[in-house]
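J.:
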Amino acid sequence: MPLRFFNTYSRALEEFQPLDASGRTVKMYTCGPTVYSHAHIGNFRAYLFEDLLQRHLELRGYAVKRVMNITDVDDKTIRGCQAAGVPLAEFTQEFKDAFFADLAALRIKPADTFPEATNPGHINAMVGMIKTLISRDLAYQAEDKSVYFRIKNFPAYGHLAHFNLDELQSTGRVKNDEYDKEHVGDFALWKAWDEADGAVRWESPWGPGRPGWHIECSAMATQILGEQLDLHCGGVDNIFPHHEAEIAQTEGCTGKQFVRYWLHCAHLLVDGQKMSKSLGNFHTLRDVLAKGYSGREARYALLRVHYRAQLNFTWEGMEEARQALGRIDDWRARLQERSACVPLAESGQEQAGRMLYFEEALDDDLNISAALGFLFDKIRETNRTLDQGTLTPTAARGWLDWWERIDSVLAITADEAELPGEVAQLSEARAQARLAKDWRRSDELRDQIAALGWEVRDSKGGQKVTRRGGA
Ligand SMILES: [Zn+2]
């Protein structure tokens, strides 16, 4: 079965064909965070979908070259650094560091490059593109000294978002608060400096100022990956105006199709509503971890629904994620016990033929819900044969080999953390108490272990002690 993705540009499922003639290298650009605060779980849902996409392409043998930008200058970062009374770079550093820590907690593979908008080399590339657009009559400097893209000279503008320019004017999608523009939808490529910007400014042929958000992505994507990309991803709220503008700017400069496939992740709701600070349902990853959940559990909870369906985040959903991972952990522990005497790689291909469904579901526009449904069906079936004692050690090893393969995409295996001395002693004492059928003592010891931040679960393979929240 070929790989297929839903392309926002055509609004259709399309077979995936890389631009690279060898057919093995894939260029992927993903819009990253604006580092003025901690990213929220809706942002991370999009980054996790992109991680799933990259990992599945790699499972299918592609070499993925991925870029994720860091927007470290815009209105919000400028306001933030002024409120904090520190230079812009100092203000954004804290949130860059936090962002990378969050990515690691969620086991998101780092991109090959994380370009920062304020890098002088990238600013030069942005200025270069704006010059080209002006020379082609696709941009102009207005009386307010800012430079704007002239959308009426780019007929394809509106194609990605599927509306035309008249609609843009009549629906009031774009606020007309910049009176110097020729068209209400013209967007800023270069924002002229004003006093509110303080020390944040770069020189340019149009006077001091700073780049607009959209040109940052066009310049950094083409500078690092070249004029044409296979995949460009983001959340649905990036479609307009951000990605629409990226197409206009880049294709206005190169005359070539910028991106082959546009993929967008649907919204995340919290308790059935749009996340907002005023509703009190706005969560960062830190908020989730502070409630005692692990990054692994958050990863699973945010990954388990198809990326084009809305995902409703709830605390019950986090509990379900914990339980689902517990079932996987128990299943793996039982298989390990059963297959202990079978060396790796001796299991043969016993499972291979009937196990392809998981990967084929992901080939079909990353249908993770179907893939996970299949996984849990198989867990149920195998547990039954383990209960009946009919699963051979070789077959058990085969399932574990299969798990290794699909976990290169899921990345949800528990860390095999060493138990700290005190926890190990208490666990040993509890195992003795259970052998002696001293249930009260066993429960006391469980509570003591819990107080140290560890959780005991009893399974058929004996007791399992894991860091609270799964590690
Ligand atoms: Zn972008």
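For the sequence shown, the residue numbers in the numbering used here are 98 to 568.
Here a beta-carbon is modelled for each residue, glycine too, at the ideal position from N, C-alpha and C.
I'd like to confirm the pairing. Which residues does DSSP put opposite P308 in its beta bridges?
T.: Sequence index remark: in the sequence shown, residue 308 carries index 211 (1-based). Paired residue(s): W287.
J.: Rounded to whole angstroms, what's the CA-CA distance from W496 to N104? Just pull it up for me.
T.: Reading the sequence shown from its first residue, position 399 is the one you call residue 496. Reading the sequence shown from its first residue, position 7 is the one you call residue 104. Whole-angstrom Cα-Cα distance: 35 Å.
J.: Might you give, ordered along the chain, the residues of its own chain that have their beta carbon closer than 7 Å to the beta carbon of W171, omitting 5 neighbours on each side?
T.: Within the sequence shown, residue 171 is the residue found at index 74, counting from 1. Before going further, note that residue 171 is Asp rather than Trp in the sequence given. Within the same chain, D171 has close Cβ partners T131 and W310.
J.: So, at 8 Å on beta carbons, what are the nonlocal neighbours of Y237 in its own chain, with the 5 sequence-adjacent residues on each side left out?
T.: Counting from 1 along the sequence shown, the entry for residue 237 is found at position 140. Scanning its chain for C-beta atoms nearer than 8 Å, with the 5 sequence neighbours on each side dropped, one finds around Y237 the residues I231, V244, Y245, R247 and E279, in chain order.
J.: Suppose you measure from the CA of P490 to the CA of T482; what does that come to, to the nearest Å?
T.: Here residue 490 is taken as the residue at index 393 of the sequence shown, counted from 1. Here residue 482 is taken as the residue at index 385 of the sequence shown, counted from 1. Approximately 12 Å between the Cα atoms of the pair.
J.: Going by alpha carbons, who is nearest to G331 out of P305, T347 and H361?
T.: Within the sequence shown, numbered from 1, the residue matching residue 331 stands at position 234. Cα-wise, what sits closest to G331 is H361.
J.: For K228 versus A289, is the C-beta distance shorter than 7 Å?
T.: Against the sequence shown, residue 228 aligns to sequence position 131. Against the sequence shown, residue 289 aligns to sequence position 192. Cβ distance not < 7 Å, so K228 and A289 don't count as in contact.
J.: Below 8 Å, how does it come out for the stretch 319–334 and the stretch 123–130: are there three or more Cβ pairs, yes or no?
T.: yes
J.: Just to confirm the assignment, what range does the alpha helix (DSSP H) spanning C350 have?
T.: On the sequence shown, residue 350 is found 253 positions in, with the first residue counted as 1. Unbroken alpha helix (DSSP H) run through C350: E341 to T351.
J.: Could you check if C80 belongs to the surroundings of ligand 1, using beta carbon to heavy atom distance under 6 Å?
T.: Summary: the structure shown does not reach residue 80, with the chain confined to residues 98 through 568, and so no result is reported for it.
J.: Tell me S556's beta-bridge partners as DSSP assigns them.
T.: The residue given as residue 556 occupies position 459 in the sequence shown. The partner list for S556 (beta bridge, DSSP) reads G559.
J.: Give, in chain order, every unbroken run of the beta strand (DSSP E) that is at least 3 residues long and sits entirely within the stretch 468–522.
T.: Counting only runs of at least 3 residues, the stretch 468–522 fully encloses no beta strand (DSSP E) element at all.
J.: Could you check which residue in G369, R543, W428 and W359 has the C-alpha nearest to that of L110?
T.: Position 13 of the sequence shown, counting from 1, holds the residue named residue 110. Out of G369, R543, W428 and W359, W359 has the C-alpha closest to the C-alpha of L110.
J.: Might you give, ordered along the chain, the residues of its own chain that have their beta carbon closer than 7 Å to the beta carbon of R142, omitting 5 neighbours on each side?
T.: Translated into the one-based positions of the sequence shown, residue 142 becomes position 45. Counting only Cβ-Cβ distances below 7 Å, and skipping sequence neighbours, we find C362, L365, L399 and L408.
J.: In whole angstroms, what is the alpha-carbon distance linking A528 and A214?
T.: Taking the first residue of the sequence shown as position 1, residue 528 is located at position 431. Taking the first residue of the sequence shown as position 1, residue 214 is located at position 117. Using only the alpha carbons, I get a separation of about 56 Å.
J.: Assign N166 to one of two classes, buried (16 or more other C-beta atoms within 10 Å of its C-beta) or exposed (fewer than that).
T.: The sequence position of residue 166 within the sequence shown is 69, counting from 1. The residue is buried, with at least 16 neighbouring Cβ atoms inside 10 Å.
J.: DSSP puts Y126 in a beta bridge; with which residues?
T.: Sequence index remark: in the sequence shown, residue 126 carries index 29 (1-based). Bridge partners of Y126: V164 and H329.
J.: Could you tell me the boundaries of the beta strand (DSSP E) in which F410 lies?
T.: To locate residue 410, count along the sequence shown from 1; it is residue 313. Element bounds for F410: L408 to F410.
J.: If you draw a straight line from the C-alpha of Y106 to the C-alpha of I220, how long is it?
T.: The count along the sequence shown starts at 1 and reaches residue 106 at position 9. The count along the sequence shown starts at 1 and reaches residue 220 at position 123. If you take the alpha carbons of Y106 and I220, they lie about 28 Å apart.
J.: Please report the distance separating the alpha-carbon of G571 from that of D291.
T.: The structure shown has nothing for residue 571, since the chain only spans 98 to 568.
J.: Just tell me which of D209, Q485 and M98 has its CA closest to the CA of Q151.
T.: Reading the sequence shown from its first residue, position 54 is the one you call residue 151. Looking from the CA of Q151, the closest CA among D209, Q485 and M98 belongs to D209.
J.: Provide the residue(s) that pair with H236 in DSSP beta bridges, ordered along the chain.
T.: Start at 1 with the first residue of the sequence shown, and residue 236 comes out as number 139. Correcting the residue type first, residue 236 is Ala in the shown sequence and not His. Bridge partners of A236: F246.
J.: Taking only heavy atoms of ligand 1 into account, decide whether any of them is closer than 6 Å to the Cβ of C438.
T.: Position 341 of the sequence shown, counting from 1, holds the residue named residue 438. Every heavy atom of ligand 1 is 6 Å or more from the Cβ of C438, so no.
J.: Going by C-alpha to C-alpha distance, which of D277, P302, N140 and E348 sits closest to Y254?
T.: Here the question's residue 254 lines up with position 157 in the sequence shown. Nearest option by C-alpha distance: E348.
J.: Leaving out the 5 sequence neighbours to the left and right, which residues in its chain are closer than 7 Å to K173 when beta-carbon positions are compared?
T.: Stepping through the sequence shown from its first residue, residue 173 is reached at position 76. If we look at K173 and ignore the five residues flanking it on each side, its Cβ neighbours are T131 and Y133.
J.: Can you tell me which of L185, D555 and L203 puts its alpha carbon nearest to the alpha carbon of D294?
T.: On the sequence shown, position 197 is the one that residue 294 refers to. Between D294 and the set L185, D555 and L203, the nearest pair of CA atoms involves L185.
J.: Where do the ends of the alpha helix (DSSP H) carrying H361 lie?
T.: Taking the first residue of the sequence shown as 1, we reach residue 361 at position 264. Here H361 belongs to no alpha helix (DSSP H); instead the beta strand (DSSP E) covers V356 to C362.
J.: Does F473 pass the burial test, meaning 16 or more other C-beta atoms within 10 Å, or should it be called exposed?
T.: In the sequence shown, counting from the first residue as 1, residue 473 sits at position 376. Exposed: under 16 other Cβ atoms inside 10 Å.
J.: Let's test the definition: count the other Cβ atoms within 10 Å of the Cβ of D283 and tell me whether it reaches 16, buried, or not, exposed.
T.: Counting from 1 along the sequence shown, the entry for residue 283 is found at position 186. Its Cβ being crowded by 16 or more others within 10 Å, D283 is buried.
J.: Cβ of E394 within 7 Å of Cβ of R419?
T.: Counted from its first residue, the sequence shown places residue 394 at position 297. Counted from its first residue, the sequence shown places residue 419 at position 322. Yes, they are a contact pair.
J.: Just to confirm, does C128 get its C-beta within under 6 Å of one of the non-hydrogen atoms of ligand 3?
T.: Looking at this structure, you won't find ligand 3 anywhere; what it does contain is ligand 1.
J.: Determine whether the beta carbon atoms of V297 and L326 lie at a separation below 7 Å.
T.: Within the sequence shown, numbered from 1, the residue matching residue 297 stands at position 200. Within the sequence shown, numbered from 1, the residue matching residue 326 stands at position 229. The answer is no: Cβ separation not under 7 Å.
J.: Using the Cα positions of A202 and D194, report the straight-line distance between them to the nearest angstrom.
T.: Mapped onto the sequence shown, residue 202 falls at position 105. Mapped onto the sequence shown, residue 194 falls at position 97. Rounded to the nearest angstrom, the two C-alpha atoms are 12 Å apart.
J.: Report yes if the C-beta distance between L154 and V164 is below 7 Å; otherwise report no.
T.: Within the sequence shown, residue 154 is the residue found at index 57, counting from 1. Within the sequence shown, residue 164 is the residue found at index 67, counting from 1. No.
J.: Is the beta carbon of M223 sitting closer than 7 Å to the one on P302?
T.: In the sequence shown, counting from the first residue as 1, residue 223 sits at position 126. In the sequence shown, counting from the first residue as 1, residue 302 sits at position 205. Contact: no.
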